[in-house]
Amino acid sequence: MGRKLLAVMLAVVLAVAIAGPSLADNYPSKPIKFIINFSAGGTTDTAARLMSSKATEILQQALICMNKPGAGGTLGVSEVARAKGNGYTIGTCNMPAVAIIPLTRKVPYEPFKDLVQVCAVMPYEYALMVRGDSPWKTWEEFVEYVKKNPGKVTYGSPGTGTTNHLVTARIGKELGLSWNHVPFQGGVKETAALLGGHVDIINNTTASVASSIKAGKIRVLLVTSEERFGMVPDVPTMKEKGFKFSQISYMSVVAPAGTPPAALEKLSAAFQVACSDKGVIKSCAQLDLHPKFIPGKQYQALLEKLSAEWGALLPELGVKIKK
Amino acid sequence: MIQNRMDFKLGIGLAVFCIFLLVYLIPKHVGPLNEADALMPTLVTGFVLLLSLLLAVQAIRRPGDKQHGAESHSGTKGSRWYTIALVVVIMSAYAWLLDITGFVLTSLGAMVALFLVFGVKRWLPILAISLGTLGGLYLCFDIMLGAPLPVGTLVETFLE
Amino acid sequence: MLETLAVAASQALTLTNFFGAALGIFLGSLLGAIPGLNGTMAIALLIPVTYTWSPLFAIAMLVGCWKGSVYGGSISAVLLNAPGTPEAAATALDGYPLTKQGKAGKALKMALYASVIGAVFSDALLMVASPPIAALALMFGPAELAMLILFALVVVADTGAKSQLKGLISTALGMLLATVGLDPITTQQRFTFGSIDLDAGIGLLAMLIGLLVMSEVLVQMEEGWKEAHAEAMVKSDDPNASRVTWPELKGCLGTIFRSSILGSFCGALPGVGSITAAFMGYDQARRLSKHPERFGKGELQGVAAPEAANNAVCGAGLIPLVTLGIPGALSAAVIMGAFMIHGLAPGPMLMVEHPETIYGLFMLLILSDFFMLIIPLPLMKAGQWVVSVPRAYLFPVILALCVIGAFGTHQNLFDVKVMVFFGVVGYLMKKWELSPAALLIAFILGPMAEVYLRQALKISGGDPSIFVTKPLAALFLALSLGAIVWTVLRNRRSKKTA
Numbered sequence: 004m005g006r007k008l009l010a011v012m013l014a015v016v017l018a019v020a021i022a023g024p025s026l027a028d029n030y031p032s033k034p035i036k037f038i039i040n041f042s043a044g045g046t047t048d049t050a051a052r053l054m055s056s057k058a059t060e061i062l063q064q065a066l067i068c069m070n071k072p073g074a075g076g077t078l079g080v081s082e083v084a085r086a087k088g089n090g091y092t093i094g095t096c097n098m099p100a101v102a103i104i105p106l107t108r109k110v111p112y113e114p115f116k117d118l119v120q121v122c123a124v125m126p127y128e129y130a131l132m133v134r135g136d137s138p139w140k141t142w143e144e145f146v147e148y149v150k151k152n153p154g155k156v157t158y159g160s161p162g163t164g165t166t167n168h169l170v171t172a173r174i175g176k177e178l179g180l181s182w183n184h185v186p187f188q189g190g191v192k193e194t195a196a197l198l199g200g201h202v203d204i205i206n207n208t209t210a211s212v213a214s215s216i217k218a219g220k221i222r223v224l225l226v227t228s229e230e231r232f233g234m235v236p237d238v239p240t241m242k243e244k245g246f247k248f249s250q251i252s253y254m255s256v257v258a259p260a261g262t263p264p265a266a267l268e269k270l271s272a273a274f275q276v277a278c279s280d281k282g283v284i285k286s287c288a289q290l291d292l293h294p295k296f297i298p299g300k301q302y303q304a305l306l307e308k309l310s311a312e313w314g315a316l317l318p319e320l321g322v323k324i325k326k
Numbered sequence: 073m074i075q076n077r078m079d080f081k082l083g084i085g086l087a088v089f090c091i092f093l094l095v096y097l098i099p100k101h102v103g104p105l106n107e108a109d110a111l112m113p114t115l116v117t118g119f120v121l122l123l124s125l126l127l128a129v130q131a132i133r134r135p136g137d138k139q140h141g142a143e144s145h146s147g148t149k150g151s152r153w154y155t156i157a158l159v160v161v162i163m164s165a166y167a168w169l170l171d172i173t174g175f176v177l178t179s180l181g182a183m184v185a186l187f188l189v190f191g192v193k194r195w196l197p198i199l200a201i202s203l204g205t206l207g208g209l210y211l212c213f214d215i216m217l218g219a220p221l222p223v224g225t226l227v228e229t230f231l232e
Numbered sequence: 002m003l004e005t006l007a008v009a010a011s012q013a014l015t016l017t018n019f020f021g022a023a024l025g026i027f028l029g030s031l032l033g034a035i036p037g038l039n040g041t042m043a044i045a046l047l048i049p050v051t052y053t054w055s056p057l058f059a060i061a062m063l064v065g066c067w068k069g070s071v072y073g074g075s076i077s078a079v080l081l082n083a084p085g086t087p088e089a090a091a092t093a094l095d096g097y098p099l100t101k102q103g104k105a106g107k108a109l110k111m112a113l114y115a116s117v118i119g120a121v122f123s124d125a126l127l128m129v130a131s132p133p134i135a136a137l138a139l140m141f142g143p144a145e146l147a148m149l150i151l152f153a154l155v156v157v158a159d160t161g162a163k164s165q166l167k168g169l170i171s172t173a174l175g176m177l178l179a180t181v182g183l184d185p186i187t188t189q190q191r192f193t194f195g196s197i198d199l200d201a202g203i204g205l206l207a208m209l210i211g212l213l214v215m216s217e218v219l220v221q222m223e224e225g226w227k228e229a230h231a232e233a234m235v236k237s238d239d240p241n242a243s244r245v246t247w248p249e250l251k252g253c254l255g256t257i258f259r260s261s262i263l264g265s266f267c268g269a270l271p272g273v274g275s276i277t278a279a280f281m282g283y284d285q286a287r288r289l290s291k292h293p294e295r296f297g298k299g300e301l302q303g304v305a306a307p308e309a310a311n312n313a314v315c316g317a318g319l320i321p322l323v324t325l326g327i328p329g330a331l332s333a334a335v336i337m338g339a340f341m342i343h344g345l346a347p348g349p350m351l352m353v354e355h356p357e358t359i360y361g362l363f364m365l366l367i368l369s370d371f372f373m374l375i376i377p378l379p380l381m382k383a384g385q386w387v388v389s390v391p392r393a394y395l396f397p398v399i400l401a402l403c404v405i406g407a408f409g410t411h412q413n414l415f416d417v418k419v420m421v422f423f424g425v426v427g428y429l430m431k432k433w434e435l436s437p438a439a440l441l442i443a444f445i446l447g448p449m450a451e452v453y454l455r456q457a458l459k460i461s462g463g464d465p466s467i468f469v470t471k472p473l474a475a476l477f478l479a480l481s482l483g484a485i486v487w488t489v490l491r492n493r494r495s496k497k498t499a
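Heads up: the sequence lines are chains A, B and C, in that order. In terms of the numbering used here, the first sequence opens at residue 4 and continues consecutively. In terms of the numbering used here, the second sequence opens at residue 73 and continues consecutively. In terms of the numbering used here, the third sequence opens at residue 2 and continues consecutively.
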């Protein structure tokens, strides 16, 4: 009995080993684990779930969403990096988790070796904003005030080493502003501090404060993303104001290194359809989110460029670098 | 003589732990004191050190409250220390094996082992309660909520 | 306005929506009552399921689930001394002693009445006074919050310990444990020993389950569970042992009212949360009581106070959410996702753009609070039956639930290891007469104190006078000092009388 069982087990193992390479042909043959690297209820989570339900239809297999939030998104990303590269574990990823954080502290993955970018699906849209009843109507007025009152103005970010912090610090450095950085724990507390008048200006995603912007409680002074926003069409971008950089971070889909190219292609195609699906776009638009597809290779190249660019600047911006 | 042995040992033990934190763990795993990161851990550790020394000194002079000590029960009807240790060992094995042998097998094994340790010898209730609990959890997590419990790497290999 | 209300009522007060709220309360109290499982987990796991439902149904159900679980936790806290939810940790302090006196029914009913009063109070505030309360909440910036947390730490520091010294040691140990993980300001690693899992810090729920539930199993093993079981099965000769009499309820009303205000306040402040509220509620009841020495030995006020406070957090936790788009409590943050997925972007425009939905929701919430008077009753009975099962049959199930509960919250296997570790820590702490409850509350408050202090100093450019020049910060600083003086004076007085 025991020997028979052993033989059967061995046969199964062998069969799996032999059948392995051909698995990609009928991929996906079982549900796919989709690890979301932020908590349930946030923007990333909402967008990911909206897209995954569309992607499920196309792939004909369920994407099982699991939230693995924490440590600036690195916890979820490392979970993907550690998984087997068989196409059945993928996850969401933000730009700092691969391009910036690995430079500042130890993470258990090599961002460009252990992970493959399947595709980027949605840009995060950022801006510098002040309270609706503050005296500054334009970016120039604000800059002038900071220059006249060195050391008095405070700016908030959702945390040290976030793109929000780095971009704002770099703006300050290029303009020679003397102001103080106050890192909060996430965008929610940052927004509360701005609304309560405890900091003067913050860099945050516009989607998370859309309602306050429409109500006039928050005024956008400068768009730090590449292009102007439909919500505040008159506010200029930082590129228009003569800066040579801007705040670029996408929500992307990542897979572990070693995932078969055929599987990557199928996944990428599914998310491309999901990004341009009318229903998804409409649901996202209600929350002021705007999906946009970028092929994986192209986004990977962008990440490598951004990593090199920001890496060189980190010490100047007052961020500690990994020893 | 020392009046309250338990408190004295506790105070000294904590003090030793704090010194270990101050001279080794904090410098090695947080950073030098002049940095903001290390300020809070150092301050709190210093505080614990102070309090635990105080506790040890107090214990020398003041006798403990005999009525409430956990010792008063042991040896009579309570489990022996090795039974408690056994439960801890089973729970640790449960936690570490969950990833490998998966939710169903590990939980079943652990629950049966726990029942035996607790002195339940009849197999019918053991299996009925274990399988009932696990079935309920599986139904709840995997089927209703779509949040799967771990399958286990070993089991996964077989299922493929 | 009246028209809006009429439309709101007709949309919201449907049988389906009431069913949703009732279902939520039932699920919440069930999961809350099961040691190891809890409501935050239920809400996080339910969110994706609710995406396809209508917004009012989904939100009423999630909020019901939240409230239900906050109450449900007290069932296991009172009956087994193993709080099913973090909020109920304070309820166990006096609830379990009442069970040992054969008055489990009384304690559970008192917890229920206090919960419902707290919930109605805070929902009423949500409905009529959201804007001014939200404005008040915004006045609390890092400096004010730092002093508020300091005050909370001072007042709850010795909760549940046998001596003040051991209470303080437990508190400090909690603060020390909370420094594990990424530094909240510089994001450098502290005590992570190269483990990515520790980067996110020690998981609160995993730690709680180990510290309060698993440890209790080990403690009862050592004390002899047959004995513990017999103690808990004591029949009281008090004819009112399983109900709350009117004079008893009346005697607690003052406490319940004060706790409701405290709870609402904690709920409206982003990030302060229901656990803090429960402990502060417990503490105010003890401080203002004529018989503080009865607390911890089965004082009914000690059950009513934390339960009113932690339930009052729920409604108030929605105040900053619907007025500012800022969730006040952990579960409110998760519920925000339910608003968003249905196209209701939380924030000041919510009331303007969707007044019918929001007012409808308010009405639904207040009315469904009264369901709480009925729905948990069968669970209460079931709970009392379950604890009458011999513990040898009960404990393996509880231990398995601890493992699954620790895993389920974040679907993280590391959390299970954390849970087992803290199970042992909690056992040792109880053996050495340290207070796991004080450690827990300090674990929550400690890092907040650190973050807000450092943020405030960043705002002021390193000048500590910010804590005195800001009026609210100065107020709480003064209150903290006052509380310390009070404690010292009272100790001296009790020594004199003794």
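Note that beta-carbon positions come from the ideal geometry of N, C-alpha and C, so glycine has one too. Note that the coordinates shown come from a computational prediction; the quantities given were computed from them, not determined experimentally.
Which residue from the options puts its Cα closest to that of residue i?
i      : options                        : result
C:V501 : C:N311, C:V489, C:H343         : The first residue shown for chain C is 2 and the last is 499, placing residue 501 of chain C beyond what the model contains.
A:V191 : A:A213, A:L320, A:V83, A:G233  : A:A213
A:V235 : A:G219, A:H201, A:K244, A:Q250 : A:G219
C:Q102 : C:A112, C:L80, C:G119          : C:L80
C:I26  : C:G73, C:D284, C:V425, C:I210  : C:G73
C:L441 : C:P49, C:A144, C:L212, C:A83   : C:L212
C:L331 : C:K382, C:T277, C:I342         : C:T277
B:T229 : B:L203, B:D171, B:G191         : B:D171
A:A311 : A:M98, A:V83, A:N152           : A:M98
C:Q165 : C:S436, C:I445, C:P472         : C:S436
So, are the CB atoms of residue i and residue j less than 7 angstroms apart?
i      : j      : result
A:A130 : A:T46  : no
C:G344 : A:H201 : no
C:F266 : C:T160 : no
A:G261 : A:V121 : no
C:A450 : C:I150 : yes
C:I186 : A:P186 : yes
C:S123 : C:A305 : no
C:L219 : C:Y428 : yes
Between residue i and chain B, is the shortest Cβ-Cβ distance under 7 angstroms, so that the two count as touching?
i      : result
C:P397 : yes
C:K418 : yes
A:S25  : Residue placement at A:S25 cannot be trusted, given a pLDDT of 49 that sits under 50; what the coordinates show is reported in the next sentence. No, A:S25 does not count as interfacial toward chain B.
C:L169 : yes
C:Q400 : The question names Gln, but residue 400 of chain C in the sequence shown is Leu. Cβ-Cβ to chain B under 7 angstroms: yes for C:L400.
On the DSSP bridge assignment, give the partners of residue i in chain order.
i      : result
A:T227 : Note: A:T227 sits in no beta bridge, so no partner.
A:S255 : A:C96, A:A123
A:Y158 : A:H184, A:I204
With a cut-off of 7 angstroms, does the C-beta of residue i fall near any C-beta of chain A?
i      : result
C:A346 : yes
C:D124 : no
Got a sec: is the Cβ-Cβ distance from residue i to anything in chain C below 7 angstroms?
i      : result
B:L180 : no
A:G73  : yes
A:K269 : no
B:T205 : yes
What does residue i touch in chain F if you count any residue whose Cβ is under 8 angstroms from its own?
i      : result
C:I405 : Annotation note: the requested chain F is absent from the structure, which comprises protein chains A, B and C.
Which complete alpha helix (DSSP H) runs does the segment 78 to 130 of chain A hold, if anything under 4 residues is left out? 98 to 102, 104 to 107
As an exercise, report each continuous alpha helix (DSSP H) stretch of at least 4 residues that is fully enclosed by the segment 324 to 398 of chain C, in chain order. 331 to 342, 350 to 354, 356 to 370, 377 to 387
Within the segment 86 to 133 of chain C, ranges of the alpha helix (DSSP H) (whole runs, at least 4 residues): 90 to 101
Entirely enclosed alpha helix (DSSP H) segments - the segment 426 to 470 of chain C, minimum 4 residues: 437 to 460, 467 to 470
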